[in-house]
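Residue numbers (the working numbering), protein chains in the order written: chain V, 1 to 242; chain Z, 1001 to 1595. Glycine included, C-beta positions come from ideal geometry on N, C-alpha and C. Fair warning: this is a prediction, and the values are worked out from it, not measured in the lab. I have placed the structure first, in the form of structure tokens, so that the comments after it can refer back to it.
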Amino acid sequence: MSEGGGSFTLDGQVIAFAPGQTILTAATAAGVYIPHLCAHPDFPPHGSCKLCAVTVNGRDGSACTIEAAPGQEVRSDTPELHEIRRVLLQMLFVEGNHFCPGCEKSGRCKLQALAYDLEMLSPHFVQFFPHREIDASHPEFFLDFNRCIMCELCVRASRDVDGKNIFALAGRGRESHIIVNSPSGRLGDTDFAATDKAAEVCPVGAILRKEVGFATPIGARLYDQAPISQVDLQVDLPGREK
Amino acid sequence: MIAIESALDPILGRHRRDPTALLQILRDTQEIFGWISPEVRAAVASALEIAPTRIDSLTRFYAHLYDAPRGKYRILFSDNITDRMAGSVALMELMLKKLKLERGKLSADGLVSVDFTSCTGMCDQGPALLVNNLPATRLTAWRIDEICGLIRARTPLDQWPEEFFRVEDHIRRADLLLGAAERPGEAIRAALALGAQGFLDELKKSNLRGRGGAGFPTALKWRSCRDAPGERRFVVCNADEGEPGTFKDRVLLQSFSQSLFEGMALAGLVTGAQKGFLYLRGEYSYLRAPLEATLQKMRRESLLGRNIAGAKNFDFDIEIHMGAGAYVCGEETALIESLEGKPGRPRIRPPFPVTHGYLGFPTVVNNVETLCNAAAIAVVGGDAYARRGTTRSTGTKILSVSGDCERPGLYEYPFGVTVAQVLEDCGAPDVGAVQIGGAAGNCLIPEEFGRRIAFEDQPTAGAFMVFANRRDPIEAARNFAHFFAHESCGFCTPCRVGTSLVAGMIDKIAAGHGAQYEFLDLKRLHDILRASSHCGLGQAAMLALGDMMQKFKPAFERRLITKDFEPDFDLDAALARARELAGRDDAAAHLGEDI
């Protein structure tokens, strides 16, 4: 469809795109931020968090999964779409157990950073308070499923990059949860390693390194300096590491 | 104790040790062991050389796969609103009391478990339940008593009275499909006489549109699949009839399977596919044996297999795949995932199945009724077919009528029939509302009964649930909300979390604790789920509720409290554990109204 590339408009601004780019990747490359959580520049589109909700020629869709095509009229920066995103963030907050003040990921957490940037003032909905386990069996990492947002980045990284297939998504509906592929179901019984891609992709604080807590003080962290809408434009360009 | 390996070997052999058949393998294995124990899990994983987590991702996704023992007798009450209206809740309580059981818990002796399941498609003969996947219909207190007796006596299921398991067709009005006499091979021979392109032209002339609800032109779908690049092609019949209130596919599968399979073969003829799958919902497991028998008969009569009906290079055969209790698998890409032995999570679309379907090959996915219509078109011709119905909705539509009416069952009409006409025919004089299209459909009130069943007016996949004036719309809304919360696949945020939030809010309103606050929140979530959900399940999850909130506003408002807001946190309920520990439940151990 978009074999030769071309351009579309995003909130009126002309965005050039290369063949194969999605609306999200083309916008990022052009320096325009569209909120997202499950999308990652190193992985194919996933489309589960729905934070990148946009309208394309008046129709609802996800910027991360829709391929850019010439002449598309894309809207992203509208009060209606930001309202949808705020509600989706609130859903993610009430679904898990997110206590930012005590979380080591605070300041580097995309969920928290987006909530700040999109001015989510409260979780609004009834908290689910699910009972989720912590797995501290691995010598270098622990898993705190209370903070998991089901983006499956760890699943994808371990399967597609590390070739280890350590994580999987199981369950359905609100019972969805990440499971670990080992006889005991514990991370300590896998060959998960600090050098794994899966060890660094978690956008929230569900996969955390042990023994390095608060090395960078809160207030001096990634998203403490500038909002995610500015920081991630740098981070999310393919091939560029934080 | 059956040795796992020796029991597993024939199953694995049957499925060629193919990991894409994992769902089928687990279903067959569970038939023997009753559940997927850790030992069975390990044995299957090692035999297929897959990660055991792949097995977990299925057993924890499909409602009818069990990773914990569920008993020798696994009772599941159908939980559609029509079952409830016919008294299912009281019958389940009766059974629990008689068996001294808690819902969802296995009895101490490992004999029996009793729970709810989503609509089992027996709405015209409910209340219904499944016992080890076999449907028992027309339940009464007397019948429950008999069933409890048989369970306590550990009577094998094949010795239970046949009468318990009788499933009626209830064809009340027949037209092109339901009125046709079975003439094996007629459709295939007629299409062969026209040739693949000739038949496709007839199909185009007929203007046949998909009966699953979306109404996509069938000829266009088949042609797109034929023209898509790919070494192999597939035809899939979507017999995952999970929409609450729909049961017409069950009757087509039970009494018109020859015509359905011929329709699939015609799709093979047009697209060049040589293999078809019938994806049969787990709740219809009892239909599997008769369907296999039809397939065998057709193979014997050279209506399936190689050189069908003597036509050189017309090779096509059909395999039955079983579902395992997941409504979302009615969504075509989720169904394909399930066919590939994975959890039924809808794919990103585009690409569509016609270009990238089963195993990435071009695939046609059609509803049961659509394929039966295709077979009928081969016989009557495109022009004659197109004269039935309306200009934009040609042919007939089979409605599954249930609820408050004298004659529930199947009604086949030419498209364009009014809702009022259907109500008159089924004997429903005092109607407050009709839910059309199932839980994911629209709720119509008497002012709208002049609406016509047609793609251009009131489209439907076929559910037609009648609610008498005395019924409480909030009970229906609650039933639907819990259905979607249970059936959400959990992939995308709005559906995974939103459907649960909605169920909670409706419960709160129904319990008399909801305020305008919840009412407005529901409206907001209605728009957000529709706009941002990944697939049709989430997008349509609040459609009926939105209709009901608008059309039965007074009924909702009567239930709302006048306070601005009432917190969800219930201090008295939170003290339940403390009371339990103290062994007290007297009035003084409860907080009063004055708190």
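- Contact between the region 1412 to 1420 of chain Z and the region 1216 to 1233 of chain Z is absent: fewer than 3 CB-CB pairs across the two stretches fall below 8 Å.
- DSSP, read as helix, strand or coil, puts residue 87 of chain V in helix.
- Contacts with chain Z at 8 Å (Cβ-Cβ) do not include residue 146 of chain V.
- Chain Z places a beta carbon closer than 8 Å to that of residue 50 of chain V, counting this residue as a contact.
- Remark: C-beta atoms of residue 1170 of chain Z and residue 1473 of chain Z do not approach each other more closely than 8 Å.
- Among the bridge pairs identified by DSSP, residue 178 of chain V is matched with V:169.
- Take residue 210 of chain V, set aside five residues on each side of it, and the residues of its chain with a beta-carbon closer than 7 Å to its own are 140, 141, 142, in chain order.
- Only buried fits residue 90 of chain V, as 16 or more other CB atoms lie within 10 angstroms of its CB.
- Taking 8 Å as the upper bound for CB-CB distance, residue 1359 of chain Z and residue 1340 of chain Z are in contact here, some 7 Å apart.
- Rounded to the nearest angstrom, the gap between the Cα atoms of residue 1026 of chain Z and residue 1285 of chain Z is 14 Å.
- By the rule that beta-carbons nearer than 8 Å mark a contact, residue 23 of chain V does not touch chain Z.
- In terms of Cβ geometry, residue 37 of chain V and residue 82 of chain V do not form a close pair [threshold 8 Å].
- The straight-line gap separating the alpha-carbon atoms of residue 1241 of chain Z and residue 1440 of chain Z is approximately 13 Å.
- In the DSSP annotation of this structure, the continuous segment of the alpha helix (DSSP H) that includes residue 1523 of chain Z starts and ends at 1516 to 1532.
- Residue 1452 of chain Z is bridged by DSSP to Z:1418.
- DSSP places residue 1443 of chain Z in the strand class (E or B) of the three-state scheme.
- Contact between the region 1289 to 1300 of chain Z and the region 1138 to 1146 of chain Z is absent, with fewer than three C-beta pairs closer than 8 Å.
- Distances from the alpha-carbon of residue 1465 of chain Z to those of Z:1405, Z:1506, Z:1452 put Z:1405 closest.
- At a cut-off of 8 Å between beta-carbon atoms, residue 60 of chain V makes contact with chain Z.
- In this structure residue 1364 of chain Z is in contact with residue 1235 of chain Z, their Cβ atoms being roughly 5 Å apart against a cut-off of 8 Å.
- The Cβ atoms of residue 1373 of chain Z and residue 1395 of chain Z lie closer than 8 Å to each other.
- The region 1240 to 1254 of chain Z makes contact with the region 1434 to 1449 of chain Z, as at least three CB pairs between them are under 8 Å.
- Taken in chain order, the members of the region 1487 to 1501 of chain Z whose beta-carbon sits within less than 9 Å of a beta-carbon on chain V are 1487, 1488, 1489, 1490, 1491, 1492, 1493, 1494, 1495, 1496, 1497, 1498, 1499, 1500, 1501.
- Taking a Cβ-Cβ threshold of 7 Å, the residues of chain Z close to residue 65 of chain V are 1348, in chain order.
- Every alpha helix (DSSP H) stretch that sits fully inside the region 1343 to 1429 of chain Z and reaches 4 residues is listed by chain position as 1368 to 1380, 1382 to 1386, 1419 to 1426.
- In the same chain as residue 1492 of chain Z, and ignoring 5 residues on each side of it, the C-beta atoms closer than 7 Å to its own belong to 1533, 1534, 1538, in chain order.
- Contact between residue 1471 of chain Z and residue 1122 of chain Z is absent: CB atoms are separated by about 20 Å, not below the 8 Å threshold.
- Residue 159 of chain V and residue 1265 of chain Z have their alpha carbons spaced roughly 38 Å apart.
- Using a Cβ-Cβ cut-off of 8 Å, residue 1053 of chain Z counts as an interface residue toward chain V, since at least one Cβ of chain V sits closer than that to its own.
- Put simply, the region 1511 to 1519 of chain Z does not touch the region 1580 to 1594 of chain Z. Fewer than three CB pairs are less than 8 Å apart.
- For residue 1143 of chain Z, the enclosing alpha helix (DSSP H) has its first and last residue at 1141 to 1152.
- The Cβ of residue 221 of chain V sits no closer than 8 Å to any Cβ of chain Z.
- Taking 8 Å as the cut-off, the Cβ atoms of residue 1073 of chain Z and residue 1131 of chain Z count as close.
- In the displayed model, residue 228 of chain V falls within a helix according to three-state DSSP.
- Residue 1570 of chain Z is outside the set of residues whose beta carbon lies under 8 Å from a beta carbon in chain V.
- In this chain, residue 152 of chain V is not harboured by any alpha helix (DSSP H), its DSSP state being neither H nor E.
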